[in-house]
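Following: one structure in structure tokens, then a few remarks.
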Amino acid sequence: MSITATRRTTDAGSAPIGSRFTRRLSETPEIGVVLACVVVFIGVFLAKSSFANTANLQEMGRNLAEFGILAIGESFVILTGGIDLSVGSLAALAGVFASWLFVNEGLPLGPTILVTLLLCAAVGVMHGLFVTRLNVPPFVITLVTYTAARGAAEAITKSVPITISGNGYLGLSRNDIGGVPLPAVVFVLVAVVAWFVLERTYFGRQVYAVGGNPEAARLAGIRTTRRIMSTYVVSGVLAGIVGILITARLGVGDPSVATGYELDAIAAAVIGGVSLFGGQGRILGIAAGAVLLVLINDGMIVLNVSPYYQQIVLGVVLAIAITADRLRAKRMGRPRKLQMLKGQAPGETANSAGADSATSSSPPVG
Amino acid sequence: MVLKVEELTAEGLGPVDLEIREREIVGIAGLMGSGRSRLVHTIFGAQPATGGAMTLAGRPHHPRSAKDGVDAGITLVPEDRKQQSLLPDAPIRWNVSLIDLPRLASRGYLSPKRERRLAEQVIRDYSVRCQSADQPIRALSGGNQQRAIFGRAMVTSPRLLLLDEPTRGVDVGAKAEIYRLTEQVADDGAAVLVASSELEELMHLCTRILVLSGGRISGTFNRSEFSKEAIVGAAARHLEPVTTGGIR
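Chains as they are written, first to last, in my numbering: chain F, 1 to 366; chain U, 1001 to 1248.
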């Protein structure tokens, strides 16, 4: 067995710049979604220039905050191989609960937000406990909250939405910083923090590891239950933030808001390259996925597309994203392998190719 | 003395007594289902002990999770690479740093530079044949995957290294390399416990071999007493598994 360390480095060093660039691109799968965002934006803008006026951009910024923050929270859970179906309902409950605290109980804005987010964190802890201690499938326990949270929201309002007044609360959505609506600023902050946590802390890496192979993560000394638990807390708290932003935008605490948002959040994550099996996906892609969803949604409204077709278009986009993901997964490692194999003996070619396709059989010689 | 185990019991295991010193490589032989992996996992903390006592480097060792084992200075190279070791779709870099993450990070911050340096060091020192540290590890052959896994175990500089079927599914070249590395670790002062179904492997590597049957030790052989017949005989000796309560 000869050592190829030197070969390896010379290979990398002598690769032409063009192929290195394309490899770099193929290692940044999010690029497809980002490009799609640009194309959709330019396309709609050319068809109707009012798409890019300030008012509409601000409106899209607020929508993006709601979808995007939910998608980021959802992605934390999906990265560990779970799923959180409760985020839409929990956002509705958080909105109603916050407006109830603020209007009916007369709590100041700060404590209102704090108590609401604590409630959402507690719901996240509950999800985590059920998933890790009782081995309840994530799908099932968050479905319980999906139903119960909306019920609780309705119980609080008794079917009469709570009207919010006061510039403090409403300003959470209506104020802007240099023209950028506050919710969009919150989204950017959440995205930056999430990026840092996932890519630059060992906590984040352990979250990926738990999703990539829970048993390997456990035997490597990672506290898998804590990591899983914390992702449900992140998802719950971010759903709470979205709930508060929604009520601030609408000016009422209404239990029927955010219906179906959990599916949009999952869709944004998947479009952005998050694997539903866990362990794969990055914030850049998730954010781009959310942007794409908002652009398409809003673009179709601007272009007066019938709501029926809007649903179909969104479905098609999701289908394209999933197909692209599968194709990429099949390709990953292979084109680079072919390059690498050019200088190797034929026998090794066969063996290594086997390594690529065989996923369960005995490992090949090499 | 690195590890002292007294009356250790766990599900399907024990009571087991054993001692391992620094620079010693101790083998665990036995038929399928004799409790080889269970013993290794119980010492590590990945499987809960139900009774008995362990002392690691002079201090009581009561691991309640694999994390406790890692924190105590034990590293396990598990039996099934695909199921228990690899993050198959993740880059080699991630796989190699997995156990060492807390130490690699400072106050939780994981420096990409330091991680890359660690990965490249492992790739170089353990001759992992690959194109770059960013390649998914599943694209490597079994032998190269195992070298990377061995490398990641070595960089944690364990005081006790647990190997479960360390050469399963690797070629002759990688096998010899793994034997050399194992001896190297022992020479550097660690204690090594190797569970294996390959008797030749144990007879080649170990200074002492313990034979398990029904979760209990049915024979102990020092290097001068090594003989295939005797070891196989001990492995085949029928010992009833003892079911003990959870006294601790």
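For each residue, glycine too, the CB sits at the ideal point set by N, CA and C.
Bridge-paired residues (DSSP) for Asn1222(U): Arg1208(U)
Residues, ordered as in the chain, of the segment 214 to 239 of chain F that lie near chain U by beta-carbon distance below 8 Å: Glu215, Ala216, Ala217, Arg218, Leu219, Ala220, Gly221, Ile222, Arg223
Contact set for Ala65(F): own chain, Cβ-Cβ below 8 Å, skip 5 residues either direction: Pro181, Pro183, Ala184, Val186, Phe187, Val242, Leu245
Under 8 Å (Cβ pairs) to chain F, residues found in the segment 1188 to 1218 of chain U: If the cut-off is 8 Å between Cβ atoms, the segment 1188 to 1218 of chain U has nothing near chain F.
Any chain U beta carbon closer than 9 Å to Ser75(F): no
Assigned secondary structure, Arg1216(U) (DSSP; H/G/I helix, E/B strand, else coil): strand
Cutoff 9 Å: Arg328(F) Cβ touching any chain U Cβ: no
Residues of the segment 269 to 299 of chain F with Cβ closer than 7 Å to any Cβ of chain U, in chain order: Gly279, Gln280
Contained alpha helix (DSSP H) runs [length at least 4] in the segment 49 to 107 of chain F, N- to C-terminal order: 54 to 79, 87 to 99
9 Å Cβ cutoff met for Leu1003(U) and Ala1057(U): Their beta carbons are under 9 Å apart, which means Leu1003(U) touches Ala1057(U) by this criterion.
Closer than 9 Å to chain F by CB, Ser1097(U): yes
Cβ pair Gly289(F), Ala269(F) closer than 9 Å: yes
Chain U contact for Arg150(F) (CB, 9 Å cutoff): no
Extent of the continuous beta strand (DSSP E) to which Val257(F) belongs: No beta strand (DSSP E) contains Val257(F), which DSSP labels as neither H nor E.
Short-range partners of chain F found in the segment 1068 to 1086 of chain U, where Cβ spacing is below 8 Å: Gly1069, Val1070, Asp1071, Leu1076, Pro1078, Arg1081, Lys1082, Gln1083, Gln1084, Ser1085, Leu1086
Minimum Cβ-Cβ distance from Asp1017(U) to chain F less than 9 Å: no
Inter-residue spacing [alpha-carbon to alpha-carbon] between Thr145(F) and Phe97(F): 15 Å
Partners in chain F for Leu1101(U), counting only beta-carbon separations shorter than 7 Å: By Cβ distance, chain F contributes Tyr202, Arg205, Gln206.
Amino acids of chain C, ordered along the chain, whose beta-carbon sits closer than 7 Å to that of Ala209(F): Although the question refers to chain C, the structure presented lacks it and instead comprises the protein chains F and U.
Among Asp1071(U), Arg1116(U), Ile1028(U), nearest to Arg1216(U) - alpha-carbon criterion: Ile1028(U)
Interface flag, Ser1065(U) vs chain F, CB-CB below 9 Å: yes
Val1005(U), DSSP secondary structure in three states: strand
Interface residues of the segment 1107 to 1119 of chain U facing chain F [CB-CB below 7 Å]: Gly1108, Tyr1109, Leu1110
Leu1210(U) burial status per 10 Å Cβ neighbour count (16 or more: buried): buried
Beta-bridge partners of Asp1100(U), as assigned by DSSP: The partner list for Asp1100(U) (beta bridge, DSSP) is empty, contrary to what the question assumes.
Contact list for Gly212(F) against chain U, beta-carbon separation under 7 Å: Leu1087, Asp1089, Ala1090
Interface flag, Phe1044(U) vs chain F, CB-CB below 9 Å: yes
Chain F residues whose Cβ lies nearer than 9 Å to that of Ala1148(U): Within chain F, no residue comes near Ala1148(U); the closest Cβ sits about 12 Å away, beyond 9 Å.
Same chain only: Cβ atoms within 6 Å of Ser1034(U), ignoring 5 sequence neighbours per side: Contacts found: Leu1212, Ser1213.
Asp1171(U) classed as buried or exposed, judged by whether at least 16 other C-beta atoms fall within 10 angstroms: Buried.
Inter-residue spacing [alpha-carbon to alpha-carbon] between Ile177(F) and Lys1067(U): Within the model, the alpha-carbon separation for Ile177(F) versus Lys1067(U) is close to 46 Å.
Under 8 Å by beta carbon: chain F residues contacting Ala1105(U): Thr201, Tyr202
Nearest-angstrom Cβ-Cβ length linking Gln1146(U) and Ala1174(U), presumed shorter than 8 Å: 6 Å
Neighbourhood of Ser99(F) by C-beta distance below 6 Å, restricted to the same chain and skipping five residues each side: Ile162, Ile164, Thr247, Gly253
Neighbourhood of Ala1046(U) by C-beta distance below 6 Å, restricted to the same chain and skipping five residues each side: The residues Ala1066, in chain order, have a CB closer than 6 Å to that of Ala1046(U) in the same chain once the five nearest residues on each side in sequence are set aside.
Cut-off 6 Å between Cβ atoms - residues of its own chain near Ala71(F), not counting five sequence neighbours on either side: Ala265, Ala268, Ala269, Ile286, Ala290
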